[in-house]
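Participant: Just dropping this structure here.
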Amino acid sequence: MNLLPRWPGLRAAGGVVRRRWRWLLAGSGVLLTAVVAGVVLAFPSVAATACPGCYGLEGLGPGVYVEPGLSADQRRRVTEAVAAGERRVRDFYGGRTSSPRVLVCVTERCYRRIGGGRERGVAILNRAVMLSPRGIDPVIVSHELSHVELRERLGSAGDRVPQWFNEGLAVVVSDDPRYLLPRTAPDRCRVGPEGTPPSTSAEWLRTAGADEQVYARSACRVHRWLAANGGRAAVTDLVERMAAGERFALIVKEAAE
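First residue of the sequence shown? That's 1364 in this note's numbering, and the numbers climb one at a time after it.
Structure representation (structure tokens):
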């Protein structure tokens, strides 16, 4: 029922209210557009992983997106590298709980467009992995997928894990020969775990930028901790205890020794 035509004052007031609502809605639309544009410009990696197609990427397989125009050999290389990387993570953990999107670029131009930098690859929380042309390799794929899997299993407790452990574990999971000796070695450490390991992301970036061997030192800490605490099962125990509220430093005290 419409009462406004019977009351001229109310009808006029109603017109004002309607105009104000239109202004508010229009303003909200402009604000939302500005916010979305700001996210796209400031965090292209977030936008690209949320909408790969918006950045020109096309689906290659379940959860895998690549830049268009790849040759059959390139598509096969990507497929095999991702499958091998997923297998390494699955073998280490006895399965996978994460299912991130994997965005793969075979050109630097594509990688820059989706927000990449000079790294070979990068993990976006527990949601996605981006691979540069230099990261289409089982070692790099499994390294980044390890970050995703650990965060997925830890949930909110993931923010309480120091960066050195996250990176060192990723080196172990990926079996990276740059930083670990062969499996047949009694001790796989290429270098010892000397010094104070970087705990925060900012500290890690500064340290790794000056000395890439921080990966080897962190991997050594994690490798020796695993060896002293039951191997892979120690990570499962870590996840369960941190989820229950225990502190990382108390669980992984052996790694600091």
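Where a beta carbon is used, it is the ideal one built from N, C-alpha and C, also for glycine.
Which residue comes first and which comes last in the alpha helix (DSSP H) that contains A1571?
Facilitator: Reading the sequence shown from its first residue, position 208 is the one you call residue 1571. S1564 to A1573 is the extent of the alpha helix (DSSP H) around A1571.
Participant: Please report the residue range of the beta strand (DSSP E) in which G1484 lies.
Facilitator: Your numbering for residue 1484 matches position 121 in the sequence shown. Unbroken beta strand (DSSP E) run through G1484: G1484 to I1487.
Participant: Taking the straight line between their C-alpha atoms, what separation do you get for L1613 and L1466?
Facilitator: For the purposes of this step, residue 1613 is taken as the residue at position 250 of the sequence shown. For the purposes of this step, residue 1466 is taken as the residue at position 103 of the sequence shown. Using only the alpha carbons, I get a separation of about 37 Å.
Participant: Considering only the beta carbon of each residue, do A1491 and R1464 sit closer than 8 Å?
Facilitator: Residue mapping note: residue 1491 aligns to position 128 of the sequence shown, counting from 1. Residue mapping note: residue 1464 aligns to position 101 of the sequence shown, counting from 1. Yes, Cβ-Cβ distance for A1491 and R1464 is below 8 Å.
Participant: Using three-state DSSP, classify A1491 as helix, strand or coil.
Facilitator: Locating residue 1491 in the sequence shown gives position 128, counting from the first residue. A1491: strand per DSSP, three-state reduction.
Participant: Per DSSP, what are the beta-bridge partners of V1429 in this structure?
Facilitator: Residue mapping note: residue 1429 aligns to position 66 of the sequence shown, counting from 1. Answer is E1421 and V1467.
Participant: Can you tell me which residues form a DSSP beta bridge with L1543?
Facilitator: Within the sequence shown, residue 1543 is the residue found at index 180, counting from 1. L1543 pairs with C1552.
Participant: Using the three-state DSSP reduction, which class does S1461 fall into: helix, strand or coil?
Facilitator: To locate residue 1461, count along the sequence shown from 1; it is residue 98. DSSP places S1461 in coil when its eight states are reduced to three.
Participant: What do you get for C1417, buried or exposed, if any count of 16 or more other CB atoms within 10 angstroms of its CB means buried?
Facilitator: Here residue 1417 refers to the residue found at position 54 of the sequence shown. Burial call: exposed.
Participant: Could you tell me if E1530 is buried or exposed, where buried requires 16 or more neighbouring beta carbons within 10 angstroms of its beta carbon?
Facilitator: Working through the sequence shown from its first residue, we reach residue 1530 at position 167. Buried: at least 16 other Cβ atoms inside 10 Å.
Participant: Closer than 6 Å by C-beta to A1571: which residues in its own chain qualify, once you throw out the five before and the five after it? Chain order, please.
Facilitator: Along the sequence shown, read from residue 1 onward, the residue named residue 1571 stands at position 208. Hits under 6 Å: V1577.
Participant: Rounded to whole angstroms, what's the CA-CA distance from N1489 to L1544? Just pull it up for me.
Facilitator: Indexing the sequence shown from 1 puts residue 1489 at position 126. Indexing the sequence shown from 1 puts residue 1544 at position 181. C-alpha separation (whole angstroms): 29 Å.
Participant: Given a threshold of 16 other Cβ atoms within 10 Å of its Cβ, counted over all protein chains shown, does A1341 qualify as buried or as exposed?
Facilitator: Examination of residue 1341 is not possible in this model, given that the chain is present from 1364 through 1620 alone.
Participant: At a cut of 8 Å, does the segment 1508–1526 reach the segment 1438–1457 through at least three beta carbon pairs?
Facilitator: The segment 1508–1526 is in contact with the segment 1438–1457.
Participant: As a quick exercise: from R1472, E1609, V1535 and T1547, pick the residue whose alpha carbon is nearest that of R1580.
Facilitator: Walking along the sequence shown from the start, residue 1580 turns up at place 217. Checking every option, the nearest Cα to that of R1580 belongs to V1535.
Participant: For C1414, does the count of other Cβ atoms within 10 angstroms reach 16, so buried, or fall short, so exposed?
Facilitator: Against the sequence shown, residue 1414 aligns to sequence position 51. It is exposed - the Cβ of C1414 has fewer than 16 other Cβ atoms within 10 Å.
Participant: Leaving out five residues before and five after G1484 in sequence, what residues of the same chain have Cβ atoms less than 8 Å from its Cβ?
Facilitator: Taking the first residue of the sequence shown as position 1, residue 1484 is located at position 121. Same-chain partners within the cutoff: V1492, M1493, L1494, S1495, G1498, I1503, V1504, H1506 and E1507.
Participant: With burial defined as no fewer than 16 other Cβ atoms inside 10 Å of the residue's Cβ, what is the status of S1461: buried or exposed?
Facilitator: Locating residue 1461 in the sequence shown gives position 98, where the first residue counts as 1. The residue in question, S1461, is buried, as its Cβ has 16 or more Cβ neighbours within 10 Å.
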